[in-house]
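What follows is a set of notes on a single structure, which appears directly below.
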Amino acid sequence: MSKCDELGLDESKVNVLISYAHWDKGLTQNSAFKDKKINLFIDSGAFTNFTSGTDKIKVDDYCHFLTEHKDLVWRYINLDKIGDAKESEANYQEMQSRGFKPVPVFTRDGLGNSSQRKKDLFEMCQTTDFLCLGGVAGGLHRTENQKYVTGCSHFLKKQKMPYHILGCGSPSIIKATRPYSCDSSSYCVGNKFGSMSLFFNGKFYAVNRKTIGSKKKVPTYVLRKYGMTDRHRKSSNLFEVQAYDFRMDRGILSYIYFQRYIREKFNANYFLAMSPAHMPHLERALSYGI
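The sequence shown begins at 12 in the working numbering and counts up one residue at a time.
The structure is reproduced here in structure tokens:
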């Protein structure tokens, strides 16, 4: 049974963030889309523009895409330009003039939490009902970034403004800041190294060659939760290349359980920041009847 919150997010669905820069037309044939099992949050692809050094993603193309897929998309992020607040604002106003309601991104700069940046953040709050905090993905282990996010969080809560932390999957930071939502691609990190991170009852269990043989480190009830038994402890292929799909399916399933835990424990909405190439794995994870 669906249950939508104040921003229209259906709490009965799985939250997924995908970059427009990596969108594949074939995605609409995936049952997760056809059966409307996900809340789809679209990232504009600004980071792709930044890393390529070109304007590969253009406002016209982005707006056309959003119009074409409006029935699939929950929310979409403004096409900002990293390091260029002026152009980001111009794109924001251009999209608004066309009738779109993009989610603006407030990014960190050298001014940190200065009075001017607080003023900028306050002014952004007057233009939207939801915004993103950016510029800290991959760097939330640093004290200065944690302080920055915490400071912005306190300010935004006073403004009663829902916000999303881009690139944040840390339970400790989610607990400390209680954002409306956040995202990360952590579900696939371990698989690159032939391991799995399985979530159970508020805790992640590292499943790899060193831990799989220990029932203390990886309890049998955790394996069973993910369709495995003690016989998998003896499988020499579980961490080989040929078991990639097996591990990826369970990595995604693990973070779906994590998503539910974060919602129940901290009243926050965690999004899996996914590559389109991994959508078939999500499709299979959802087929497990969770």
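Beta carbons: idealized from backbone N, C-alpha and C, even for Gly.
Check your understanding: Which residues in the same chain have their Cβ closer than 8 angstroms to the Cβ of Cys179, if we skip the five residues on either side of it in sequence?
Key -> Within the same chain, Cys179 has close Cβ partners Val147, Ala148, Leu151, Val160, Ile185, Pro190, Cys193, Asp194 and Ser195.
Review point. Roughly how many angstroms separate the alpha carbons of Cys74 and Met135, rounded to a whole number?
Key: 21 angstroms
Exercise for review: Using the DSSP secondary-structure output, state which residues sit across from Lys276 in a beta bridge.
Suggested key: Its beta-bridge partners do not exist; DSSP assigns none.
Point to revise | CB-CB length for Leu264 against Ala296, believed under 8 angstroms | key: Your pair Leu264 and Ala296 checks out as a contact, with CB atoms roughly 4 angstroms apart and the cut at 8 angstroms.
**Study point:** Spatial distance of Met290 from Gln127 (CA atoms)
**Key:** Rounded to the nearest angstrom, the gap between the Cα atoms of Met290 and Gln127 is 42 angstroms.
Review point. So, are the CB atoms of Arg258 and Asn202 less than 8 angstroms apart?
Key: yes
Review point. Since Lys48 contacts Val25 with CB under 8 angstroms, what's their CB separation in whole angstroms?
Key: The pair is a contact, with the Cβ atoms about 6 angstroms apart (cut-off 8 angstroms).
**Study point:** Opening and closing residue of the alpha helix (DSSP H) in which His292 lies
**Key:** Met290 to Ser298
Review point. To the nearest whole angstrom, what separates the beta carbons of Leu28 and Phe282, a pair I think is in contact under 8 angstroms?
Key: 4 angstroms
Check your understanding: How about Tyr198 and Gly262: do their beta carbons lie closer than 8 angstroms?
Key -> Yes; because the gap between Cβ atoms is below 8 angstroms, this pair is in contact.
Exercise for review: Could you spell out where the alpha helix (DSSP H) holding Arg235 opens and where it closes?
Suggested key: For Arg235, the enclosing alpha helix (DSSP H) stretches over residues Thr231 to Lys236.
**Study point:** Buried or exposed by the 16-neighbour rule on C-beta atoms within 10 Å, applied to Tyr299
**Key:** exposed
**Study point:** Residues near Ile53 by beta carbon distance below 6 angstroms, same chain, minus five either side
**Key:** Same-chain partners within the cutoff: Tyr31, Val84 and Tyr87.
Review point. For Val160, which of helix, strand or coil comes out of DSSP?
Key: Residue state, collapsed to three classes: helix.
Exercise for review: Give me whichever residues DSSP pairs with Thr118 in a beta bridge.
Suggested key: Gly145
Practice item. In the DSSP assignment, find the beta strand (DSSP E) that holds Arg86 and state where it starts and stops. Key: Val84 to Tyr87
Check your understanding: Shortest alpha-carbon distance to Asp72 belongs to which of Asp82, Lys92 and Met106?
Key -> Met106
Exercise for review: To the nearest angstrom, report how far apart His33 and Asn156 are at their CA atoms.
Suggested key: 27 angstroms
Check your understanding: Ordered along the chain, which non-local residues of its own chain (more than five positions away) have a Cβ less than 6 angstroms from that of His292?
Key -> Met259, Asp260 and Ile263
Check your understanding: With 16 as the cutoff for other CB atoms within 10 Å, does Ser23 come out buried or exposed?
Key -> exposed
**Study point:** Environment of Gln270 [buried if 16+ CB atoms lie within 10 Å]
**Key:** Label assigned to Gln270: buried.
Check your understanding: Between which two residues does the beta strand (DSSP E) containing Ala217 stretch?
Key -> Lys214 to Val218
**Study point:** Closest residue to Cys284 among Ser55, Phe141 and Ser42 (Cα-Cα distance)
**Key:** Before going further, note that residue 284 is Ala rather than Cys in the sequence given. Comparing Cα-Cα distances from Ala284 to each of Ser55, Phe141 and Ser42, the minimum goes to Ser55.
Review point. According to DSSP, is Ser23 helix, strand or coil?
Key: coil
Review point. His175 lies in the beta strand (DSSP E); which residues open and close that run?
Key: Per DSSP, His175 belongs to the beta strand (DSSP E) from Tyr174 to Ile176.
Check your understanding: What is the rounded straight-line gap between the Cα of Val252 and the Cα of Met207?
Key -> A straight line joining the alpha-carbon of Val252 with that of Met207 spans about 13 angstroms.
Check your understanding: Nearest-angstrom Cα distance between Ala254 and Leu234?
Key -> It is roughly 16 angstroms from the alpha-carbon of Ala254 to the alpha-carbon of Leu234.
Review point. Considering Cys74, what are the terminal residues of the alpha helix (DSSP H) in which it resides?
Key: Val70 to Glu79
Exercise for review: Less than 8 angstroms between the CB atoms is what I'm expecting for Asn50 and Asp21, so what's the real figure, rounded?
Suggested key: 6 angstroms
**Study point:** Lys303 classed as buried or exposed, judged by whether at least 16 other C-beta atoms fall within 10 angstroms
**Key:** Nothing can be reported for residue 303, as the shown portion of the chain is limited to 12 through 301.
Check your understanding: From this set, Asp35, Lys97, Cys15 and Ser247, which residue's C-alpha is nearest Ser286's C-alpha?
Key -> Asp35
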